[in-house]
Amino acid sequence: MAREHPAGDLDDACNLASTALEAKAVGNLLVDPRFHSDPAAYHALLRRLRAEAPVFWVEPDDYAPFWIVTRHADVMQVERAMDIFVNGPRVMLRKTAVDEQIRKVTGGRPFLLNQLPNMDGDEHRLHRKLTQAWFAPGRIKILDEELRGYARDLFDRTLDGDGRCDFMRAVASWYPLRVIMRIIGVPAEDEALMLKMTQQLFGPDDPEIKTEKIDVISTVQGFFDYFRALLESRRTAPADDLATLLAQAEIGEKEALSYFILAATAGHDTTSASIAGGTLALLQNPEQFDRLRGDMSLLPSAVDEMIRWVSPVTHFFRTPTEDYELRGQAIGAGQAMMMCYPSANRDEEVFDEPYRFDIGRPPHRHLAFGYGPHVCLGQHLARMEMRIFFEELFARIDGLELDGDPRWIQTNFVGGLKSLPVRYTSRAAVAA
Ligand code: HEM
């Protein structure tokens with residue numbers, strides 16, 4: 000296991016196994032991006048919370064306090080009760096200082112972008128309806144051949160013959176990027192710029208990614224400038240993409256621009272992380288690798304197992320509009336609650352042997368895509384993308400093995416692998 004932070008922090012994590020759960024200590028670990036780059040320590044803490052304090056109040060430094068909800072049934076209960084819980088007041092972890100900076104420029108609102116995850120009620124329904132048909136299984140099916148082409152082109156460039164590569168950087172991060180950019184309408188030559196901007200938004204606490212001094216507001220401004228020009232071009236030259244749909248929709252410019260940013264960010268890192276993390280799970284469980292290679296009809300359940308296993312989105316928040324009781328805890332109106340998806344997806348009450356990676360798990364009840372009215376809009380696309388990716392990968396390679404220590408990104412929101420060194424043998428090379 001690659002450990003990327005000082006031993007002292009890990010000792011803290013290990014000490015949690017024997018000391019009392021304490022609001023400040025647990026809170027500080029949960030918000031620490033470095034803690035998330037050690038999945039074993041992170042999951043050890045979540046397991047303990049599920050067992051001893053499934054609804055637990057934390058008070059981290061530099062962040063507003065919140066309840067962390069770690070049980071599968073509780074996350075579902077909250078996310079389904081849309082008459083009581085809202086998204087608007089708090090969507091994800093953000094430092095109090097950043098929050099204040101944002102409220103200053105928005106005149107008191109807690110978000111820069113008006114987009115689906117921070118919308119509620121009719122506004123949410125209306126905006127979601129705009130693109131829902133685009134992401135329906137029947138609609139995205141027509142992209143099958145195109146996506147297959149992207150995967151093949153990528154493998155031609157990166158997995159030719161026998162060799163080594165960083166599977167995360169060279170392969171897993173590029174394919175979902177091409178797919179989502181195609182859907183939005185961004186040309187291939189602008190992908191590198193999009194990649195940089197999405198990573199600045201989602202991975203700003205990782206020293207290896209934070210290559211220059213950035214702040215959230217200027218990154219968002221960069222996105223806005225780019226997408227404003229794209230919207231303009233689609234008004235005069237429509238195409239078969241989301242940009243055209245949004246250019247023709249009756250919504251404000253800010254909402255349209257926010258939609259782009261949401262699709263570009265939500266549709267990329269999540270899927271890359273699931274592909275890379277799923278590949279790592281196959282490599283660490285060679286019997287599952289062989290099982291899948293021997294029976295590709297298992298691929299749909301394998302894909303869902305990879306997504307459960309990785310659970311790249313660590314949380315979204317919900318806030319009750321009235322006092323509420325959950326597992327005997329009195330939650331006050333307005334107290335934010337963190338829905339912890341990685342924990343729900345290892346819940347012993349729901350998953351048989353939750354720490355076993357099993358590509359044949361019966362129909363999946365995982366919550367990696369969330370639940371209720373905000374459930375992931377791109378879930379069918381993500382599954383289809385991954386299915387095509389692994390079909391093409393297995394058609395191409397004969398052998399794949401780890402070639403060094405994997406490393407995880409430092410972030411407390413959308414997490415996953417930063418580096419996955421592999422050695423591969425291609426089918427063509429074996430045949431020759
Ligand atoms: C394996 C990949 C993915 C995972 C694990 C994932 C996970 C999630 C989660 C946990 C949520 C919040 C759900 C909730 O609050 O209950 C979400 C929302 C969302 N996701 Fe995904 N996602 C993935 C891929 C995608 C893709 C490919 C797109 C394509 C555009 C996408 C677009 C969205 C959008 C637009 C929302 C906001 C929905 C709303 O608030 O109504 N996601 N996703």
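Residues 0 to 431 (numbering that gives the first Met the number 0) make up the sequence shown, in order. Note that the Cβ used here is the ideal one computed from N, Cα and C, for glycine as well. If you're wondering where the values come from, they're calculated on a predicted model, not measured in any experiment.
- A Cβ-Cβ contact shorter than 9 Å links serine 425 with aspartate 159.
- With a beta-carbon spacing of about 7 Å, glutamate 207 and lysine 417 fall inside the 8 Å limit used to define contacts.
- Judged by DSSP in its simplified three-state form, leucine 158 adopts coil rather than helix or strand.
- In this structure, the straight-line span from the alpha carbon of alanine 80 to that of leucine 291 is close to 38 Å.
- Put simply, the segment 331-343 does not touch the segment 380-396. Fewer than three CB pairs are less than 8 Å apart.
- Rounded to the nearest whole angstrom, the CA to CA distance from alanine 262 to phenylalanine 223 is 13 Å.
- Taken in chain order, the complete beta strand (DSSP E) segments of 3 residues or longer contained in the segment 26-58 are 54-57.
- Taking a contact as a CB-CB distance under 8 Å, the pair glycine 369 and glutamate 78 counts as one, their CB atoms being some 6 Å apart.
- Listed as beta-bridge partners of aspartate 165 by DSSP are Pro420.
- Counting only the Cα atoms, proline 311 lies some 22 Å from cysteine 164.
- DSSP, read as helix, strand or coil, puts glutamine 334 in coil.
- Using a 10 angstroms sphere on the CB of threonine 95, the tally of other CB atoms stays under 16, which defines it as exposed.
- The DSSP-derived three-state label of aspartate 357 is coil.
- Between arginine 317 and isoleucine 101, the alpha-carbon positions lie close to 20 Å from each other.
- Threonine 270 sits in a helix when the DSSP states are folded into three classes.
- Closest in C-alpha terms to isoleucine 67, from the list Arg127, Ile83, Arg47, Val104, comes Arg47.
- A Cβ-Cβ distance of about 11 Å is found for the pair leucine 29 and proline 341, leaving them out of contact under the 8 Å criterion.
- In this structure arginine 395 is in contact with phenylalanine 154, their Cβ atoms being roughly 5 Å apart against a cut-off of 8 Å.
- Within the chosen limit of 8 Å, the ligand HEM does not reach the beta carbon of serine 300 with any heavy atom.
- With a threshold of 16 other beta carbon atoms within 10 Å, threonine 235 falls short and is exposed.
- With a cutoff of 8 Å, isoleucine 182 counts as near the ligand HEM, since its C-beta is closer than that to a heavy atom of the ligand.
- Collapsing the DSSP output to three states places proline 319 in a strand.
- For histidine 363, the closest alpha carbon among the candidates Ile139, Gly371, Asp351, Pro372 is that of Asp351.
- Short note on phenylalanine 356: C-beta not closer than 8 Å to any heavy atom of the ligand HEM.
- Beta bridge pairing from DSSP links leucine 125 with no other residue.
- Here valine 302 is buried: its Cβ has 16 or more other Cβ atoms, across all protein chains shown, within 10 Å.
- Here threonine 18 is exposed, its C-beta having fewer than 16 other C-beta atoms within 10 Å.
- At least 9 Å separates the beta-carbon of asparagine 86 from that of glycine 251.
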